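First residue of the sequence shown? That's 29 in our numbering, and the numbers climb one at a time after it. All C-beta atoms in this analysis are idealised placements derived from N, C-alpha and C, irrespective of residue type, glycine included. Predicted, not measured: the structure shown is a model, and the values here were computed from it.
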Amino acid sequence: TGEDVVEFTGHGGVMVTRRVLERFVEAGAIPAGPGEFTQRAFMNGRMDLTQAEAVMDLISAQTSLALRSANEQLDGRLGRTCENIRAKLLGATAHLEAFIDFPEEDIDPEVGAALCRTLSEQSASIAGLLSTADQGRILREGVRTVIFGKPNVGKSSLLNRLLGYQRAIVSSKEGTTRDTIEEVVNLRGIPLRLIDTAGVRESSDEIEQEGIAMTHGQVARADLVLVIWDLSESFVDSAEVSIPDGARRLDILNKSDLEDVSWAGVKGLRISCESGSGFEDLESAISKLLSLDEAQWGDHSVAVNARHQACLTRAQSSLVRAITSLRAGDEPELTALDLREALTAIGEIAGIVDTEEILGEIFGNFCIGK
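Rendered as structure tokens:
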């Protein structure tokens, strides 16, 4: 934290520690709030705000990729990147404001072109950071992966096989799964939030209809939909299953050991949940579809979170306006105003510009003692 610290080590179990803490509180000590130690480290200049957030990411990391990303951010990589952008924008702003201070001097065309190049370069850097937002969300929250298909095609069997243990009941009776089942699995460093759903078919059963409605609701919010087909049925009978547009889709042809001749030449990933064949190919296909696995994830990558994304989006919008204004030959005061807004937005990422509201939101999500 950058402050003087006294450590007490007590003997015994929880009760002894609790009594010691009670005595300290009676003597005037105040129990630490959520994230208070990390917040003090930030306030004392020991880390920037992106590094403080990385502490929470480290605690909640569920996969090796999430851990690597958090470590990169804790190392200050995102903060340094944003500081470099901010320094370039600060230089451009100072250059522009010199013309405001000396209005008799017009902006030289070559100087204006150089400023535009600088702003465009920083805009491209911001765009690069923004492009990692989806990956950042996936690493922190997981990929909402819905297992979808008709009854008895092997949806629950697929869930169990990916998890490595039996989580869902598997039965030959149609309509066994009526509610959604959600579990997280680490697939090559990618956290998949697997959601097993009720089989989709025409049904007069009210409870089953409710389950099917929930299935469609899950698909509408999915990042990835695994559409399961039963190779033991004829292709014509299976062709009626469809999903809405919008999510990434992977067609999985289950029961490859019982394939009906009508499926010959039909494209899809062939697996057998019974024997486990094809599952390495399935993992590779999911990684490729998401464009995110440990081999592709560079040693020096960063992935922004939702707060960073909002700040970067504001900065990007301000820069676009500044570039447009500069090229149009508008008054330098207008361009400078947009640049100051961009500087403020970038500064908020690392906490150079902060508000109590932002700090309260970030550190309030920490656990006690961090």
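How close, in whole Å, do the beta carbons of residue i and residue j come, if the pair is a contact with beta carbons under 8 Å?
i	j	result
S353	L362	5 Å
A155	Q337	Actually they do not touch by this definition, with Cβ atoms about 12 Å apart.
G104	A69	No, G104 and A69 are not in contact; Cβ-Cβ is about 13 Å, not under 8 Å.
L318	V212	So it is not a contact: roughly 15 Å between Cβ atoms.
F263	S290	4 Å
Are the CB atoms of residue j and residue i within a distance shorter than 8 Å?
i	j	result
E125	A364	yes
L371	L143	no
L252	T173	yes
Q101	A82	yes
T121	L340	no
V332	A161	yes
P179	G239	no
L254	K283	no
L195	I175	According to the sequence provided, residue 195 is Arg. The question's Leu does not apply to it. Against a cut-off of 8 Å, the Cβ pair of I175 and R195 comes out as no contact.
E261	D288	yes
V53	G38	no
L278	A313	yes
L86	A350	no
T402	A80	Here the chain has residues from 29 to 398 only, and residue 402 is not among them.
I374	R46	no
G192	I256	no
L158	L187	no
G119	A378	no
L297	D309	yes
Quickly, what does DSSP pair residue i with across the bridge? List them, please.
i	result
L254	I175, L278
D224	I175, I209
N214	P219
R28	No statement about residue 28 is possible, as the shown extent of the chain runs from 29 to 398 and does not include it.
R298	L281
*Enumerated in chain order, which unbroken segments of the alpha helix (DSSP H) with a length of 4 residues or greater are wholly contained in the region 121-183?*
137-158, 161-169
*Do the region 45-64 and the region 174-194 make contact, defined as three or more Cβ pairs closer than 8 Å?*
no
*Can you find at least 3 beta carbon pairs, one from the region 72-87 and one from the region 290-305, that sit closer than 8 Å?*
no
*Just checking, does the region 162-172 make contact with the region 210-227 on the three C-beta pairs under 8 Å criterion?*
yes
_In chain order, what are the residue ranges of uninterrupted alpha helix (DSSP H) at least 4 long that sit wholly in the region 92-126?_
92-102
*4 or more residues per run - each alpha helix (DSSP H) lying fully within the region 40-64*: 42-54
*Which runs of the alpha helix (DSSP H) spanning at least 4 residues fall entirely within the region 338-370, listed in chain order?*
none
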